[in-house]
Structures are given as C-alpha cells and as structure tokens.
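S.K.: Below you'll find the structure I mean.
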Amino acid sequence: MHPLSILLLGLAMSADAFAAAVGKGAAMARPRWRDALRTGLIFGIVEAITPIVGWALGSAASRMVEAWDHWIAFGLLSALGLHMIWKAFHAGSADDPSGTRGGLWTIALAGLATSIDALAIGVGLAFVDVNILVVAAAIGLCTFGMVTAGVMAGRVLGRLIGKRAEIAGGVILILVGALIVYEHVFVAQ
C-alpha cells in the first residue's frame, strides 16, 4: 500500500472522530490542552487498535461486521449524544467544568463508537498485502491529531454559544452517527 494511500486512509478514518471531538470540546466548560491531548490520545489508541482487531478477524467476521458496523456506531453515538443533551437540561451540567470533561470510559466509548468503521476497514485489509501495524499507527496518529484539534476548536465554539454548547455537542454526535448510517445504507449501494 502506497504511503499516501495510508495517510489518506488515516485522515478518512479520523474524520468522524474529529466531528465528535468538536462536539465534546463545545460541551466542555473550558477545555485545556491537557484535556484535548488526553482525549486525542484515548481516541487515537482506540482507533489504532480497531483495524488490528478487524484484520485479525479477517474474512470469518467480514459479513457480520460490515452488515452491522454502521448501526452499532449510530447506536453508540446517539446514546452518547442523547446523554449529553439530557445533561444540558439538568442543573449545573453546562457550568460544571468537572462534569463535562468525561471520564476515561466515556471518552473510550466515544472513541469506540467512531472507530467501528476502522474495524471493518481492518477486515478488508486482511485480504490485501499490507503491514497492518503501519496502517494502524497512521490511523491512530491522524486520529490523535484531529481529535486534539477538534476539542480545542470546540472550545471556541463553546464560548460562542455558551450554555447551549452541550446540546450542540450531543446533536453533533447524533448527526455523525446518522451520517455513518446514511453512507453505509444509501451511498454504498
């Protein structure tokens, strides 16, 4: 696989994670670089692991993963988005900086939701002569950079829209999930 193709694959796989990170950054009261780097690292690790897992599953799980990956991603992203919207309507959630940063498991779940497509890509790469570790590293590094930038971009968005930032973040997550379903159901045909 050509290095440019690997880079483009890494950027493509990190696009939905970037959108989710913008929503997360908008929902955070005052994200700092430490928060952005932590979120980027978690997303990057999860995004790097999933194509390796998909590659290991290979052709045996190919049909099952491809048939359901978009619905799994939609479900996880929608649940996280609805949770963010719910929190926005309850006392103190938008103004409480500690309550909007998200724990390790919440961030990892969001990372998993946006990396289900990388699992399917990994399955497809099992049939191609490619060094999966190089591809996974490229996907992970691209995701790390894009998510870190997304959280900080969301910070600016959060300042502009104030208390509605958490609602916007939740809506963005749901829209990313819906876009994944749309691409798999309507565009892929």
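Read in order, the letters of the sequence shown correspond to residues -19 to -1, 1 to 170 in mature numbering (1 follows the signal peptide of the UniProt record, and there is no 0).
We put the beta carbon where it would ideally sit given N, CA and C, even for glycine.
Model, not experiment: these values are computed from the prediction.
Would you mind giving the Cβ-Cβ distance between GLY62 and ILE155, rounded to the nearest angstrom? I have them listed as a contact below 8 Å.
M.R.: Stepping through the sequence shown from its first residue, residue 62 is reached at position 81. Stepping through the sequence shown from its first residue, residue 155 is reached at position 174. With 8 Å as the limit, GLY62 and ILE155 qualify as a contact, their Cβ atoms being about 4 Å apart.
S.K.: Does the contact criterion of 3 or more C-beta pairs under 8 Å hold for the stretch 30 to 40 versus the stretch 156 to 169?
M.R.: No contact exists between the stretch 30 to 40 and the stretch 156 to 169.
S.K.: Under the three-state reduction of DSSP, which class applies to PRO32: helix, strand or coil?
M.R.: If you number the sequence shown from 1, residue 32 lands on position 51. Helix, per DSSP.
S.K.: Counting only runs of 3+ residues fully inside the stretch 95 to 150, write out the beta strand (DSSP E) ranges in chain order.
M.R.: DSSP runs (the beta strand (DSSP E)) wholly in the stretch 95 to 150: none.
S.K.: MET(-7) and THR124 look like a contact to me (Cβ under 8 Å); what is the Cβ gap, rounded to whole Å?
M.R.: Locating residue -7 in the sequence shown gives position 13, where the first residue counts as 1. Locating residue 124 in the sequence shown gives position 143, where the first residue counts as 1. Rounded, the Cβ-Cβ distance is 7 Å, consistent with contact.
S.K.: What is the C-beta distance between ALA94 and LEU57, in whole angstroms, given that I count them as a contact (C-beta under 8 Å)?
M.R.: Indexing the sequence shown from 1 puts residue 94 at position 113. Indexing the sequence shown from 1 puts residue 57 at position 76. About 3 Å; that satisfies the 8 Å criterion.
S.K.: Use the C-beta contact count for ALA2: other C-beta atoms within 10 angstroms, 16 or more gives buried, fewer gives exposed.
M.R.: The sequence position of residue 2 within the sequence shown is 21, counting from 1. Result: buried.
S.K.: Among residues of its own chain, excluding the 5 on either side of GLU28, which ones have a beta-carbon nearer than 7 Å to its beta-carbon?
M.R.: Position 47 of the sequence shown, counting from 1, holds the residue named residue 28. Taken in chain order, the residues that qualify are MET(-7), SER(-6), ALA(-3), GLY92, SER96, ALA99, ILE120, GLY121 and THR124.
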